[in-house]
Ligand SMILES: Nc1nc2c(c(=O)[nH]1)N[C@H]1C(S)=C(S)[C@@H](COP(=O)(O)OP(=O)(O)OC[C@H]3O[C@@H](n4cnc5c(=O)[nH]c(N)nc54)[C@H](O)[C@@H]3O)O[C@H]1N2
Ligand SMILES: Nc1nc2c(c(=O)[nH]1)N[C@H]1C(S)=C(S)[C@@H](COP(=O)(O)OP(=O)(O)OC[C@H]3O[C@@H](n4cnc5c(=O)[nH]c(N)nc54)[C@H](O)[C@@H]3O)O[C@H]1N2
Ligand code: SF4
Ligand code: SF4
Ligand code: SF4
Ligand code: SF4
Ligand code: SF4
Ligand SMILES: [Mo]
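Chains as they are written, first to last, in the working numbering: chain A, 2 to 935; chain B, 13 to 260; chain C, 603 to 895.
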C-alpha cells in the first residue's frame, strides 16, 4: 500500500578501482579510488591496507575535492610584480628549469651553502636529502624542527624509537592507556581504530590535555593539566611508583642502562676499551660490558676504583626522584591536578602493570644468550604528541615519559608500547650531522643526524654555525630535524651568514608554518640599499595557490597525490606495524589535466642538469627519467633501495636486486607491501636475537644492534660538562648556565621559557592550537566540502574567563601576547582548563589565496595564533633575544604562548597590514554538483 | 499512498555510539562523497568557494558540552542522520508520495522524480534529517545507503553504509533491529540504546548508545592500595633498595 | 521558521478568498448578475492568487499535480483537493448567480463547506506539525478559520457579523500569541530529550556541525527580536482589527470598506509573518537555539 518505487539497489559502482595511498595527511592510509570514465568518482579506504584497514577520515574521503580544487596551480610561474603581490606570468617548464638551473649552478660551483633547501611535510626526505647532499649545501632539512622534533629525538635517544608513527600502544592487549597532548596526530586513523578497540574491551583511557575534545572527549578520565607542566606530572607519577617500589627491576636490570656504572667524578658512563658500557654482574660482582653472555647486571652494583666509588645510573635516578620536590603534593598546584588524582593514577598504573600482567608463551633468546620461555607483558601504555613536545621543556618532558614507561617495564612488551620497524634502532647507529662543504662537490654525508657530544656539533672552525638554521649548535645541540622556522629569519639577518637562494617545497612559510607571520612577510619582501631583495632568490614548489606562492620568484607547480608516483619508504618515515614491516607507493591513478609535474621528477631533471653525481649516468646524461625511475632503480646500499618489497625477481623482501617490475607489483598488490615479523621475534625487539637477525635479513641493520634503553642520556651530560668548562669545544658564555640547567641526563622539569620572559601577571592565559580532524593545515581550507565544516575558528574561552571578562557567546576580544595582538571572535567552552584559550590551527587565510572569495569567512573571521608567536622571545635584560625553541633540540615552542584577552566592541579583524594577494589561478565556481557518472 | 507500512519485514538502521565517537566527521564526508556520486541528484554546494558556502549533507556531526556541578565538564560528539522512524511523520505529510518507507526493510526514501520540493517533510522531521538540495530542488535524505547494502557489484563485506564502513572509531553499527539476535539489537540492549526525542512519537529505528560514566576515578591518599611506600622514610637509594628487594 | 513571502501571501490571501467564497456560498450576501461577478472575481482572485503564490514555494512546480495524490495522509494534498472542489462548486454556483440569476443553494452550501475545508486543511498543514510546538494546537485551525471568515465578511459587507468576527479575531489572535509564547517550553522536547545528554548536568551546544550555514538553519532557525515582536503584534492587531472596527463602526460605505479590507489584510500579513517567524522548530535545539530567546 505504500508508494514504493522500484529501485535499482545494485547500481554499478565504478568502472575501475585503483589502489594508491592517501596524501591528505601524513598518516598514509590506503585508498581505493573508484573511477568512472577516467575520472575520480569516489574514494574509500583500502580494507587490506595495514595502516587504515578500510577506514578513512574526512580528509581522505574529501580527496576528490582536492583534486578538482580551483586553487590548483596550472603551469610554472615567474614573478612579474613585486614579491607578495601575487602577480605572475605562466611560463613553460623549459623556461622554469632554465631559470632554476641559472640560479643554482653558480651557487653550486662557488659556494653551495648559499642554497638553503628546506622541505615540508612530504615524506620523500630520503630522496630530497640525497639531492641536497649531492648539491653540496649543508642547508637542508625538512619541517621536523617546528613540528615535533622533541618527541622524535627524545624517543630515539631514550628507547630507540618514538611515539608518533614510529611506535604504537599494543591496542589489543593494553588495559590502561594514557594519552598526553594529542588532538589528532599523524597516526590518526590507527589511533582511532585503536581507541575503539580499547573501548570494546573496556580498557581505561586517561587523557591529559588542557582541552577536552576529540580523543580526550571520549577518555574515561580527563586531566585538565596546566600547559607546560606535564613533565612535573610525569615525574610525580615516577616519584609515587618509585616510593612504592612499583617498578620492574628485572626489566631495568636486563634491558636498560639502569645498572650501568656512572663515573662518580664526571658523570659519564663507565665503559670498557671498546666503548661498551660497564655493569656489575650480580652473581660474581665482577665488572663486565653490558652485553656479556650469561651475566645479570646488578642495579645496586658498585665499583671502587682509584679511591672513587662508582655507582649505577639506577642509584642516581632513585636518589633524584625520591626527593620530595617530585611528590604529588608539591606539583599539585602548578600542574592543576590534585595530589589525590596523581596518586590515583600512579596507583592504577602500578596495579595494572604488576597485578594484571600478561604472559605469552613465546620462546625467545636475548642478546646475552639467555633463553626465555615466555614474554611478560605489562598492559599499561602511553601515547603523546605535540602537547608535550611543542614546549621549550618538551625534550625533557618527552624523555620523562619514556623513563616512566621504562620503569614500568612496558616498552616492547605485550600490552605496552611497541615500536614499528625499522625501529627500534639505537641513536648511535643513526648518522651524525654532516656539513663539510666543497664547491662543486657533494656534502661529506647526510645533513641530519644524532649528536652524541660537543664534538658532533655543526660548527665551523671559527665556532660559528655551519648551517643557516643554526642546527646542531650550542643553542640547540641535538636539533636532529633542523630548524626550518629559523631559516627565513636567519637568512634575512645574515646570521650566521647571507644566502643567495631559498628553495622551499611544500611548506606555507609565509603563513601558518611560520612564527611571527607579519615579520616573516617583511623579511621576504624587504630590500637592501640597492633595491635588491635581502633574500635574493626564492624558488618554491606548491600544488596550490597558497599564501607562500606570492612570495616566491619562481614557482614549480606540483601534481596532486593522485597524479604522481611517490614512495613511502622505510628509509623515511615508516608505515610498519609493531608486528610487520610495511611500505607503500603512490602512482598516477589519473592524469593531470594541466602543465604540472611531480616535484621529485623535477628534481631528477634539475639534478641531471646540474650534474649531481647520483642524478647522472656515467656519460653525464640524466640518470632518472622521473621519480618512479628513481624509486625502482636507486640503490642506497647494495641490495637496498627506496622500496623493500618485491625486490630481485619479485619475491625478495628487504634486501634484493633492483626489480624492473617492482612498481607494477606494488600496484598489483594494492599499492603497498607488508611482511610479518616471525612469531616470537615480535616483542622485546631491541634485545630479541630473533628480531635482530630478521632485521638484518630485511636490511634494517647491517649486523645485530642490541642496545640498552637510556634512562641516563650520556650525551646530555657531555654538553653539561662542556658548559662546566671541560673539553676544548666550549659554549659561548651566555649559554653556559642554560646548558647546565636544562641538559640534565636524567629527565627534569623546568618552567617553559616564555613564562620567564613575559610577565605572567600581565599575560595570565595559555594559548594553544589544535588540529581539527577534518582539516589539514592550510590546504584543507580550499576543499569545498571541508571548509563548510571548519570555515572559521573562534577562540575558545573557558567559562571561568568568560565570566571574569563579562563575555558572552559571539563577542569579540582583543587577544594579545608580548609580541602582538589580534581581534578575534570567541566561543565559550567549559571542558577546558580554566586558564587556557585555544583555537583550531591554520583555518585563517590570507585574502586572495586558495581561489577563495576575498570575503570568505576564513579571511574575515578565521585567524592564526602565529601572529602572536615570535621566533624570538622578548628581551629580558641580558641583552639577548633567546630563540622561542627548546634549548636542546630547537623545537619551536608553539605552545609556550602566553596571552591576555580584553573585551572589544570591534567586531572585525584588524587585517590592514595584509593586503589582498592577486590570485594566480582565478576564482572558484559558484556552484558545485560533482558527479562524474551519468 | 504515502501511508506508512503497518509493519516492515526488517528494520534496518544504525546504532551510534556516543561513547566512542571522536567527532572526526569522516562519516559526514564519506556520506557526502557516496551520495554525490550515487542515489539521485548529487549533493550540491552553493558558493563552495565563496563567503557563505552552503551544501547539502545527509549526515552532520554536532558537539555538545555537559556541565556538571562539582565535576569536570564533558564534551560529546553527536552524529545525526535520518533515523528511519517507524512512525515517520515526514512520510505521511508528503503530498506527492515521493517520500515513502520501504516495506521490506523500513528504509525511508525520497523518490526524487516525484518530489515537488515543497519542503513539508523537512518541516515534519524533528531531527533535521532532510535537506532540500538547492541546485536540484528536490529533498535529499539519508538513504541508509540502499544502493550499497544490497549492491551485488560490491564485495559482501562492503555492503554496509558508507558512513559505517569509514568510521575509524567504530562508533557506527548497521544492522536489522527486527532480529533480536542481530549485533545492533544486542549492543543496543546491552548498552541501553535510546531514542532521540521519544516524545515526538516517531519511533526512530536508529539507536544511540549513551556515553559511559566518566571521571569516576577516586582520589587516593598516601595510603593508596598500590602505593604503600617501600620504606617509611626513604633515606636514599640503599635503604629504599634493601626494602624493595626484601619485598620481592 | 523562515517567513517565506510566498507562504505569507498564500495563507493570507487565499484565506480571505475562501472566507469570502464561504459567505457567498451560504448566501451572505446573495448577489446576482454583475455584482455577483464582481464578488466572485474578488474571491477567486484572492483564493487562486494565493494558491498560485503557494506554488512559488515549490522548487519543482512543474510536478505540482502530483500533490493531489496523497489525500489519505497529507493535509497539503487534501487542501489541493478541497481547493479545487471549492473553486469548482463555487464556479457552478457562480454561473448560476451571474448568468442565470439563480442561487442553487445546495451547490453553494457544498462550495462553502469545501472553502472552509480548504482553509482548515491549510491550517492543518501547520497545526499538525508536532515539530513546531507553537503551531501544534487546535488554536491554529481556529485562528486560520476565524481570520478567513473575518476577512471574507469584511468584503462581503456583513455589518454586525463582521464586527463580531473582528472581535473574535482579536480574542483568538491574542489567545494564540499568549499560548504560543509558552508552547515550546511546555512541549516535552528539550536538549536532553533530543540528545540524551545532560541527564547529569546542563547540556549545551558546543559547536555546530558546520561553521557554514545550511538549509535547516535557513528554513527553521529564524530568530526575531523580542522587542520587534511586541511592536509587530501591536501593529498587526491594530491593522487587522482596530482600524477595521473603527472604520466600519463609523460607516459601511464602499471606500471605508475598501480601506478596512486593505488594513485588515496588512494586519493579517503581519500576523502571518509573526506566525511563521516566531514559530520555532524543535530542530533548532540541535543547533543550540532554545525557546527562551
Ligand atoms: N600556531 C601554530 N602554528 C603551527 C602549528 C601549531 O600547532 N600551531 N603547527 C606547526 C606544524 S607541526 C607544522 S607541521 C606546520 C605545518 O605547516 P605547513 O607545512 O606550512 O603546512 P601546510 O599548510 O599544509 O602547507 C603545506 C604547503 O604545501 C602545499 N601542498 C599541498 N599538497 C602539495 C603537493 O602535493 N605538492 C606540493 N609541492 N605542495 C603541496 C600546500 O598548498 C601548502 O602551501 O605548521 C606549524 N605551525
Ligand atoms: N587532521 C589533521 N591531522 C593532522 C594534521 C592536521 O593539520 N590535520 N597535522 C599533522 C601534523 S604536521 C602534526 S605535527 C600532527 C600533530 O598532532 P597533535 O600532536 O595531535 O597536534 P596538535 O593538534 O597541535 O595537538 C596538540 C594537543 O596538545 C594539547 N596541548 C597543548 N599544550 C599542552 C600541554 O602542555 N600539555 C598537554 N598534556 N597537552 C597540551 C592541545 O590541547 C592539543 O590537544 O598532526 C598531524 N595530523
Ligand atoms: S588519516 Fe585521513 S588524510 Fe590522513 S592519510 Fe589517512 S585517510 Fe588520508
Ligand atoms: S528521522 Fe526525520 S526524515 Fe528520517 S524518518 Fe524520521 S522523521 Fe523522517
Ligand atoms: S519535499 Fe518532496 S518529499 Fe518532501 S514532502 Fe514535498 S514532495 Fe514530498
Ligand atoms: S547510511 Fe548512507 S546515506 Fe545515511 S548517513 Fe550513512 S552514508 Fe549517509
Ligand atoms: S566517523 Fe565515527 S567517530 Fe567520526 S564523527 Fe562519524 S561516527 Fe564519530
Ligand atoms: Mo607537524
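In this text, a Cβ means the ideal position worked out from N, Cα and C, and glycines have one as well.
Residue 128(A) and residue 603(C) have their C-alpha atoms spaced approximately 59 Å apart.
Here DSSP, grouped into helix, strand and coil, assigns residue 617(A) to strand. The beta-carbon of residue 62(B) is placed less than 8 Å from the nearest beta-carbon of chain A. Residues of chain C with a Cβ closer than 7 Å to the Cβ of residue 789(A) are, in chain order, 812, 814. At least one beta carbon of chain A lies nearer than 8 Å to the beta carbon of residue 86(B). Assignment of beta-bridge partners to residue 503(A) by DSSP yields 117(A), 539(A).
Residue 316(A) is not a Cβ neighbour of residue 265(A), given a cutoff of 8 Å.
Any Cβ of chain A closer than 8 Å to the Cβ of residue 36(B) would place that residue at the interface, and such an atom is present. With a threshold of 16 other beta carbon atoms within 10 Å, residue 267(A) falls short and is exposed. Residue pairing by DSSP places residue 189(A) in no beta bridge whatsoever.
The continuous beta strand (DSSP E) containing residue 360(A) extends over residues 359–361. Classified as exposed, residue 432(A) has fewer than 16 neighbouring CB atoms from the shown chains inside 10 Å of its CB. In this chain, the alpha helix (DSSP H) harbouring residue 62(A) covers 59–62.
Membership of residue 743(C) in the alpha helix (DSSP H) is indicated by the continuous run 741–758. Here residue 185(A) has 772, 774 as same chain residues with Cβ atoms under 6 Å from its own Cβ, once five neighbours each way along the sequence are excluded.
Distances from the CB of residue 98(A) to the heavy atoms of ligand 4 are all 7 Å or more.
In chain order, the residues with a C-beta atom nearer than 6 Å to some heavy atom of ligand 3 are 23(A), 25(A), 26(A), 28(A), 29(A), 30(A), 53(A), 57(A), 58(A), 60(A), 61(A), 189(A), 190(A). In this structure, DSSP gives residue 736(C) a state outside helix and strand, which the three-state scheme calls coil. With a contact defined as Cβ atoms closer than 8 Å, residue 725(C) and residue 105(B) miss out at about 14 Å. Looking at the DSSP output, residue 169(A) sits in a beta bridge with 419(A). Annotation for residue 782(C): 736 place their beta carbon closer than 6 Å to its own, counting only its chain and skipping 5 residues before and after. Each of 738(A), 795(A), 898(A), 752(A) was checked against the Cα of residue 764(A), and the nearest Cα belongs to 898(A). In the displayed model, residue 282(A) falls within a strand according to three-state DSSP. Distance from the C-beta of residue 731(C) to the nearest heavy atom of ligand 4 is not below 7 Å. Taking 7 Å as the cut-off, one finds at least one heavy atom of ligand 1 near enough to the beta carbon of residue 513(A). In this structure, the CA atom of residue 660(A) is about 6 Å from the CA atom of residue 651(A). Annotation: residue 893(A) to residue 96(B) spans about 50 Å, alpha carbon to alpha carbon.
The chain-ordered list of residues whose CB is nearer than 6 Å to some heavy atom of ligand 7 reads 33(B), 34(B), 35(B), 36(B), 37(B), 38(B), 39(B), 73(B), 89(B), 91(B), 179(B), 181(B), 183(B), 184(B). Residue ranges of uninterrupted alpha helix (DSSP H) with 4 or more members, entirely inside the region 211–256 of chain A and ordered along the chain, are 215–219, 231–244, 250–256. Boundaries of the alpha helix (DSSP H) harbouring residue 148(A): 145–148, taken from the DSSP string. By the Cβ-count criterion, residue 464(A) is exposed, with fewer than 16 other Cβ atoms from all chains shown falling within 10 Å of its own Cβ. Annotation: residue 209(A) to residue 383(A) spans about 11 Å, alpha carbon to alpha carbon. Short note on residue 151(B): C-beta closer than 7 Å to some heavy atom of ligand 5. In this structure, residue 108(B) has its CB closer than 7 Å to one or more heavy atoms of ligand 5. A direct Cα-to-Cα measurement between residue 739(C) and residue 723(C) gives close to 14 Å.
Under the Cβ distance rule, residue 888(C) counts among the residues neighbouring chain B, one pair being separated by less than 8 Å.
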